[in-house]
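Trainee: Numbering (this note's numbering), first residue to last: 300 to 791. Cβ coordinates follow ideal geometry from the N, Cα and C atoms, glycine included. Because the structure is a prediction, the values reported are computed rather than measured. Below is the structure I would like to discuss, written out as structure tokens.
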């Protein structure tokens with residue numbers, strides 16, 4: 300029986316919904332958005348459109364910050380623009396958007412925001428409309444048509460262009476004034492069975508395309524239109540791009556290896572491992588320094604891992620690569636030094652679902668499936684990356700739902716989902732000590748985030764009148780705020 304594909308689960312465990320020191324919480328039933336000051340717990344209730352649902356934080360830069368929310372029953376968006384964060388003064392403006400918008404892409408400074416529709420693959424509608432918004436006191440708005448069924452939108456770090464990934468290929472949009480933004484060029488991509496994986500560098504210049512069933516990596520220059528197809532010793536099952544866009548890391552599973560002519564690309568970099576092996580339990584981890592690859596496509600590096608791995612995560616400092624699989628019940632995470640290529644396996648005693656490295660690259664949180672016979676319904680592991688020390692493994696009474704890190708990487712906040720028979724729980728992990736504190740939550744956890752400067756963990760929960768728990772991370776003190784939808788403040 301063929302081994303199933305790897306699952307991209309990292310995004311399922313993260314939910315940032317915060318701007319500066321303010322939390323914004325939308326309630327589709329009341330048509331309002333609550334604004335909560337994390338430091339003082341002061342609450343303001345803001346009017347939105349009809350059924351405010353899809354909320355995103357607006358970064359500071361082009362504006363003072365705030366939040367954007369799509370109102371699903373009034374076909375518009377509310378721009379919640381801060382004018383004075385200290386005083387919590389916010390102005391609410393509404394702008395029209397296309398029907399069915401349910402996702403946001405927002406530029407680094409907040410100058411541009413793009414509302415679009417993630418279809419999920421159902422129905423026959425192409426969902427080809429996007430709405431470009433320039434948030435301000437006098438917002439500019441423009442609607443454009445793009446490719447059939449968009450799956451992602453990337454805005455370049457300088458906010459001069461956006462790249463829309465869709466079923467037929469890539470659409471490059473020039474961002475000027477919102478009212479004059481337009482399609483710059485289109486790039487069709489090869490049609491394949493299965494989902495393509497497209498990564499775009501932060502400057503918007505290059506697109507890296509992983510094609511299912513293909514023994515190559517396609518690099519597309521979005522400025523010149525040049526295509527570079529890099530022959531590989533097999534089919535990539537995962538690809539990860541560094542935050543600065545300088546380095547990409549991929550992996551070829553044992554069942555995806557090709558010992559034919561395609562294995563010659565990069566074979567000289569295998570070192571003592573030699574040419575591609577026929578061993579069914581040996582995987583290949585590949586690193587692609589992009590500037591070097593552009594001038595010489597064969598100059599990628601290959602590390603052989605004596606295990607079945609099919610997913611990779613690159614730490615932000617680009618020093619370590621974490622390799623694992625969630626296609627099979629494999630409890631091991633391989634830590635590979637990106638420079639020396641040395642490697643070690645960490646046995647987590649339970650099948651790995653996802654591995655998320657901390658921002659400083661020194662630790663990681665692994666979400667686990669409970670092993671056969673376990674009484675726990677979930678599990679999580681905390682493992683050192685930079686030192687060969689044993690991990691800490693914690694069983695949980697329900698499935699792990701969110702994982703977020705502090706900006707410095709010295710703490711992690713993990714929540715479990717809970718259900719009618721078990722409570723949701725928040726775990727606070729400290730690094731490098733691997734200390735863990737557990738806090739039972741009064742109701743079902745919905746989202747989690749950390750406000751770094753204030754060292755506060757925040758967990759929003761299901762409650763008809765609104766409920767958020769605030770955790771003082773250094774002290775372990777907990778305060779729960781309930782009833783802010785009614786403008787009241789019941790503090791527990």
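Residue 550: which of 543, 542, 536, 740 sits nearest, CA to CA?
Mentor: 536
Trainee: Put residue 408 into one of helix, strand or coil per three-state DSSP.
Mentor: coil
Trainee: So which of 766, 668, 585 has the shortest CA-CA distance to residue 747?
Mentor: 766
Trainee: How should residue 736 be labelled, buried or exposed, when 16 other C-beta atoms within 10 angstroms of its C-beta is the threshold for buried?
Mentor: exposed
Trainee: Taking the alpha carbon of residue 633 as the reference point, which residue from 617, 554, 609, 616 has its own alpha carbon closest?
Mentor: 609
Trainee: Per DSSP, what are the beta-bridge partners of residue 451 in this structure?
Mentor: 464
Trainee: May I have the straight-line CA-CA distance separating residue 453 from residue 463, to the nearest angstrom?
Mentor: 7 angstroms
Trainee: Suppose contacts are defined by Cβ-Cβ distances below 7 angstroms. Is residue 677 in contact with residue 647 by that definition?
Mentor: Their beta carbons are not under 7 angstroms apart, which means residue 677 does not touch residue 647 by this criterion.
Trainee: Please report the Cβ distance between residue 654 and residue 663, rounded to the nearest whole angstrom; I am assuming they are in contact, meaning their Cβ atoms lie under 8 angstroms.
Mentor: 5 angstroms
Trainee: Going by alpha carbons, who is nearest to residue 637 out of 727, 442, 630, 620?
Mentor: 620
Trainee: Using the beta-carbon count (16 or more within 10 Å), is residue 686 buried or exposed?
Mentor: exposed
Trainee: Tell me which residues share the same chain as residue 586 and place their Cβ nearer than 6 angstroms to its Cβ, disregarding the 5 neighbours each side in the sequence.
Mentor: 548, 600
Trainee: For residue 593, report the span of its alpha helix (DSSP H) as first-last.
Mentor: 589-594
Trainee: Can you tell me where the beta strand (DSSP E) with residue 442 in it begins and where it stops?
Mentor: Per DSSP, residue 442 belongs to the beta strand (DSSP E) from 439-444.
Trainee: Could you tell me whether the Cβ atoms of residue 714 and residue 725 are closer together than 7 angstroms?
Mentor: yes
Trainee: Can you name the start and end residues of the beta strand (DSSP E) that residue 326 belongs to?
Mentor: 321-326
Trainee: Using alpha carbons as the reference points, say which of 354, 417, 458 lies closest to residue 450.
Mentor: 417
Trainee: One question on the structure: do residue 557 and residue 532 come within less than 7 angstroms of each other, judged by their Cβ atoms?
Mentor: It is a contact, given that the beta carbons lie within the stated cut-off.
Trainee: With distances taken between CB atoms, is the gap from residue 467 to residue 487 smaller than 7 angstroms?
Mentor: Contact flag set, yes.
Trainee: For the beta strand (DSSP E) containing residue 353, list its first residue and its last residue.
Mentor: Element bounds for residue 353: 351-357.
Trainee: Return the CA-CA distance between residue 704 and residue 457, expressed in angstroms with no decimal places.
Mentor: 26 angstroms
Trainee: Secondary structure at residue 745, three-state DSSP: helix, strand or coil?
Mentor: strand
Trainee: Rounded to whole angstroms, what's the CA-CA distance from residue 792 to residue 629? Just pull it up for me.
Mentor: Absent from the structure is residue 792, since the part of the chain shown begins at 300 and ends at 791.
Trainee: By the 10 Å Cβ neighbour count, where 16 or more other Cβ atoms means buried, how is residue 351 classified, buried or exposed?
Mentor: buried
Trainee: Taking the alpha-carbon of residue 604 as reference, which of 499, 623, 366 has the nearest alpha-carbon?
Mentor: 623
Trainee: Classify residue 491: buried if its beta carbon has 16 or more other beta carbons within 10 angstroms, exposed otherwise.
Mentor: Counting the other Cβ atoms within 10 Å of the Cβ of residue 491 gives fewer than 16, which makes it exposed.
Trainee: Would you please state the rounded distance, in angstroms, between the beta carbons of residue 480 and residue 473? I believe it to be under 8 angstroms.
Mentor: 6 angstroms
Trainee: Please state whether DSSP places residue 753 in a helix, a strand or coil.
Mentor: Residue 753 carries a helical assignment under DSSP once its states are collapsed to helix, strand and coil.
Trainee: Would you tell me roughly how many angstroms separate the C-alpha atoms of residue 538 and residue 339, rounded to the nearest one?
Mentor: 43 angstroms
Trainee: Among 639, 391, 530, whose alpha-carbon lies nearest the alpha-carbon of residue 595?
Mentor: 530
Trainee: Just how far apart, CA to CA, sit residue 446 and residue 430?
Mentor: Each residue's alpha carbon lies about 14 angstroms from the other.
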